[in-house]
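Here's the structure we're looking at; comments come further down.
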Amino acid sequence: MASSKPAVRHPSHNHPLRSHKAQAEEGIICSGCDLDLIGAAFKCTKSECDYFLHKSCFELPRENRHKSHPEHPLTLLYSPTYESSSFACDACGEYGSGFAYNCSICKYDVHVGCVSMPETNGLIFNCDECHDNVPDNLWSYYCKKCDYGTHLHSCAVEEEPKRGGGGSGNTSRNSGGRSSAASDLSAMLKAQREMERMQIELDMAMQSAKIAKKSRKHMLKMI
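Written out as structure tokens, the structure reads:
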């Protein structure tokens, strides 16, 4: 039986897509940002194709002007243009093979997920999650109140793993403080992403309303 959901096209994929409500137990990975996919999404209409996109990835603007690279606008690429078919994100330092915002002039690449991260004042420190030095050229997060900072790719950790036995009372209190700070950062990022998703949906709804209004006016003139 054919699906009643309308099919849509996206330039990143050859086949039509349909809306899909992704569940956690499905274990789906977004083909755009390579992150876990839960909630509003699009899936390929071909049963043998496992192409999925977050609704937010489906609606990403083709151009982004970001403070991290004020010299030039960043263009959305659906796949890396390098020979390796991958890129190193200039925000978090991790490699990616999916969607990215790119400056072809400067060879500057950023994960689409990193672009949406909220901005904070940059400081130099050791990451309180992995304990490595944070390079000057990578983005980071820092809580001045807790004296807690992380690499961008470490800030999604909700709670520091419990350390087994021993240790002084000061170490225990410090660990608890860091876990609390990590949880606060994770909650902040989750809320920020949800706000951005809602804003995108609102913008799209307003745009659709404008288009519908213009279409009605055009039809009246034609009559």
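Numbering follows full-length UniProt numbering, in which position 40 of the sequence shown is assigned residue number 40; successive positions increment by one, without gaps. Note that the Cβ used here is the ideal one computed from N, Cα and C, for glycine as well. Please read these numbers as outputs of a predicted model, since none were measured by experiment.
* Name the residue from Phe87, Gly39, Val112, Cys106 whose alpha carbon lies nearest to the alpha carbon of residue 224. => In this structure the chain extends from 1 to 223, so residue 224 is not present and cannot be described.
* Asked: Are the CB atoms of Ala91 and Cys114 nearer to each other than 8 Å?
  -> yes
* Which partner residues does Gly96 have in the DSSP bridge list? -> When beta bridges are read from the DSSP output, Gly96 appears opposite Phe87.
* Starting from Val110, follow the alpha helix (DSSP H) in both directions and report where the run begins and ends. => Element bounds for Val110: not the alpha helix (DSSP H) but the beta strand (DSSP E), 108-111.
* Just curious, the alpha helix (DSSP H) that Cys57 is in, first and last residue? -> Following the DSSP letters along the chain, one finds Cys57 inside the alpha helix (DSSP H) bounded by residues 55-58.
* **Same chain, Cβ closer than 7 Å to Ser19, five either side skipped, listed in chain order** => Same-chain partners within the cutoff: Lys5, Phe42.
* **Classification of Ala100 by the beta-carbon crowding that lies within 10 angstroms, buried from 16 upward** => buried
* Which stretch, first to last residue, makes up the beta strand (DSSP E) that contains Cys44? -> 39-44
* To do: Within 10 angstroms of the Cβ of Tyr82, are there 16 or more other Cβ atoms? Answer buried if so, exposed if not.
  => exposed
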